[in-house]
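As structure tokens, the structure follows; a few thoughts come after it.
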């Protein structure tokens with residue numbers, strides 16, 4: 259890996275995500291549930307035997323729990339019979355039988371707990387591994403997507419898929435699988451056990467189901483829209499905090515604290531309103547379901563007492579039935595929650611799957627390898643035409659230029675003229691609409707993209723450094739470089755002295771925001787990185803824009819030495835830095851309007867001369 263990176267986006271720190279960091283929100287449903295579900299099952303198929311084991315363990319654990327109340331009823335009946343016998347003077351309480359039943363209950367509950375522990379351990383490992391595989395797939399996909407994809411999709415959206423959506427899949431898969439199977443087995447098992455005790459009391463309990471269903475439907479419908487609104491407003495609040503924190507220096511400089519606080523308070527008020535409504539309405543589920551459940555208990559006790567008096571029901575049977583009534587209504591109330599979680603899981607996977615199925619760069623087998631030829635740096639632009647996919651506007655209309663190996667070519671022109679686009683095309687970050695670009699007589703389409711980019715070194719205006727030592731940041735230009743080579747590159751970039759004045763020198767760590775060194779110093783480090791890459795073709799996009807005049811002179815001298823026998827493309831607004839260029843290309847609206855050396859173009863007194871003179875007049 260080197261500065262000859264496979265993606266020009268890596269040259270600039272990603273912008274703050276703001277509200278784009280949304281992911282799946284509460285209540286969001288998949289667009290194609292059936293299709294997404296099929297693809298999700300296919301994705302998790304490598305874990306099918308572990309998931310089958312999880313299902314088996316949940317079933318066994320649930321069945322053992324369902325059996326327990328009826329076993330416990332034996333102890334209650336034994337105690338009741340003993341009391342009756344004592345009252346009649348015909349016997350006493352069989353404590354041995356009661357202790358035996360209690361032992362069985364403890365054994366059943368203990369065994370169930372062991373099975374629950376095992377299934378929890380396995381499903382946690384499976385869900386985490388699935389999340390790991392998804393993140394790995396997304397990261398690999400990021401590197402295979404064309405740069406044009408990132409022109410139409412925000413970084414925040416991509417990041418939300420690898421963070422929010424994958425976390426949603428991980429958490430909901432862990433919860434919904436065990437809860438759903440537990441709820442289904444519990445409902446079926448409890449229903450069967452209740453029928454074995456009394457079909458009449460079972461019918462009484464079933465009569466409460468329509469009431470429970472109506473309550474769940476109403477509460478979910480009312481709370482869902484507030485949950486949805488809460489998540490959206492939360493995204494806006496988070497985005498605002500990130501933006502204000504990221505630009506806090508500008509906010510303070512322009513005395514914008516009061517406006518920022520006012521805007522935050524408005525969104526915070528909206529967040530408060532949505533949060534308390536969603537939480538209050540959803541909290542009504544528990545008391546309503548509790549009320550309906552208590553009605554069921556009352557009915558069971560009243561009818562059960564009558565049946566006991568008639569001798570058709572035992573005391574232990576009533577006790578077991580009351581426990582089963584509670585165990586029956588509880589999983590029913592969980593079903594709606596599980597359904598919502600499952601919808602969120604599939605919706606999250608749908609977003610991840612959508613990203614994983616984006617069209618990748620599809621190139622034919624390369625005809626030429628850079629290792630098989632000697633790259634000298636002859637570059638030819640042959641009637642190049644290009645426009646971005648998301649716009650009908652053609653940026654480069656008909657560009658022709660023949661650059662000889664070792665030449666220093668400067669590209670100048672107003673903003674939007676197509677200067678940076680040219681170098682993107684040269685490195686195949688985008689494909690041409692028409693025309694061709696040749697490197698030493700070979701069309702760039704004949705090379706593998708990554709192989710071609712090994713021959714390019716870049717220094718961009720927007721510097722990119724990552725959290726690591728200064729030494730490692732420079733070594734990013736050539737990962738196999740020795741410490742001595744890193745130091746030599748730093749010396750050539752006139753940055754060695756500065757590094758040695760820092761605490762830790764080359765081992766000093768640049769922090770996450772790279773704000774513990776100045777903008778000019780960061781640019782010097784990226785120049786050292788490019789020097790270390792030892793590329794045949796150099797691309798310098800405003801490489802000295804963030805350094806002072808004295809440092810610029812030093813860098814310019816180092817660059818002149820570096821660019822000897824290397825083809826160099828220099829994008830510059832500061833025209834004083836490109837006076838000694840072999841060729842100056844003046845771009846305007848995607849076309850070359852003038853080309854030549856500095857002296858030739860000044861003698862023409864045209865586009866370049868006006869640009870050059872106006873710059874010095876402004877400076878004066």
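In my numbering, the protein residues as written are 259 to 878. Glycine included, every Cβ here is placed at the ideal spot set by N, Cα and C.
I need the straight-line Cα distance from residue i to residue j, nearest angstrom please.
i           : j           : result
residue 484 : residue 603 : 20 Å
residue 423 : residue 415 : 10 Å
residue 665 : residue 410 : 35 Å
residue 758 : residue 751 : 14 Å
residue 542 : residue 535 : 11 Å
residue 611 : residue 295 : 11 Å
residue 738 : residue 744 : 10 Å
residue 267 : residue 405 : At residue 267 the pLDDT is 33, less than 50, meaning the model places this residue with poor confidence; the figure from the coordinates comes in the next sentence. When rounded, the distance between both Cα atoms is 8 Å.
residue 623 : residue 703 : 10 Å
residue 841 : residue 659 : 10 Å
residue 491 : residue 701 : 51 Å
residue 714 : residue 418 : 32 Å
residue 830 : residue 870 : 12 Å
residue 499 : residue 522 : 8 Å
residue 821 : residue 640 : 24 Å
residue 879 : residue 299 : Residue 879 cannot be examined here, being either before or after the span of the chain that is shown, 259 to 878.
residue 345 : residue 328 : 26 Å
residue 729 : residue 530 : 48 Å
residue 561 : residue 363 : 27 Å
residue 814 : residue 834 : 11 Å
residue 557 : residue 343 : 29 Å
residue 839 : residue 706 : 30 Å
residue 506 : residue 442 : 53 Å
residue 773 : residue 590 : 55 Å
residue 354 : residue 539 : 51 Å
residue 293 : residue 626 : 41 Å
residue 858 : residue 797 : 24 Å
residue 733 : residue 792 : 12 Å
residue 784 : residue 421 : 30 Å
residue 468 : residue 546 : 13 Å
State the start and end residues of the unbroken beta strand (DSSP E) segment that holds residue i.
i           : result
residue 853 : 849-854
residue 714 : 714-717
residue 846 : 841-846
residue 827 : 825-829
residue 696 : 692-697
residue 798 : 795-799
Evaluate residue i with the Cβ neighbour count: other Cβ atoms within 10 Å of its Cβ, from every protein chain shown; 16 or more gives buried, anything less gives exposed.
i           : result
residue 808 : exposed
residue 608 : buried
residue 762 : exposed
residue 856 : buried
residue 688 : buried
residue 790 : buried
residue 199 : Because residue 199 is not part of the residues shown, which for the chain are 259 to 878, the question remains open.
residue 370 : buried
residue 722 : buried
residue 450 : exposed
residue 357 : exposed
residue 866 : buried
residue 320 : buried
Considering residue i, what are the terminal residues of the alpha helix (DSSP H) in which it resides?
i           : result
residue 562 : 543-568
residue 728 : 728-733
residue 351 : First-last for residue 351: undefined, no H or E at that position.
residue 745 : 741-750
residue 407 : 405-410
residue 780 : 777-791
residue 710 : 707-711
residue 757 : 754-758
My assumption, with CB atoms under 8 Å, is that residue i sits in contact with residue j. Please give the rounded CB distance.
i           : j           : result
residue 669 : residue 684 : Not confirmed; about 11 Å, so no contact.
residue 554 : residue 466 : 5 Å
residue 824 : residue 699 : Contact doesn't hold; Cβ gap of about 18 Å is too wide.
residue 849 : residue 709 : Incorrect: roughly 31 Å between the Cβ atoms, too far for contact.
residue 786 : residue 748 : 5 Å
residue 661 : residue 653 : Not really, about 20 Å apart at Cβ, beyond 8 Å.
residue 573 : residue 338 : 5 Å
CB of residue i to nearest heavy atom of the ligand ADP: below 7 Å?
i           : result
residue 693 : Questions concerning the ligand ADP fall outside what the structure shown contains, since it holds no ligand whatsoever.
Q.
I'd like the ranges of any alpha helix (DSSP H) spanning at least 4 consecutive residues and lying wholly in the region 657-688.
A. 677-684
(Q) Quick check for students: name the residue ranges of the alpha helix (DSSP H) that lie wholly in the region 425-476, counting only runs of 4 or more. (A) 457-464
Q: Quick one: which unbroken alpha helix (DSSP H) runs of 4-plus residues sit fully inside the region 562-637? Chain order, please.
A: 573-614
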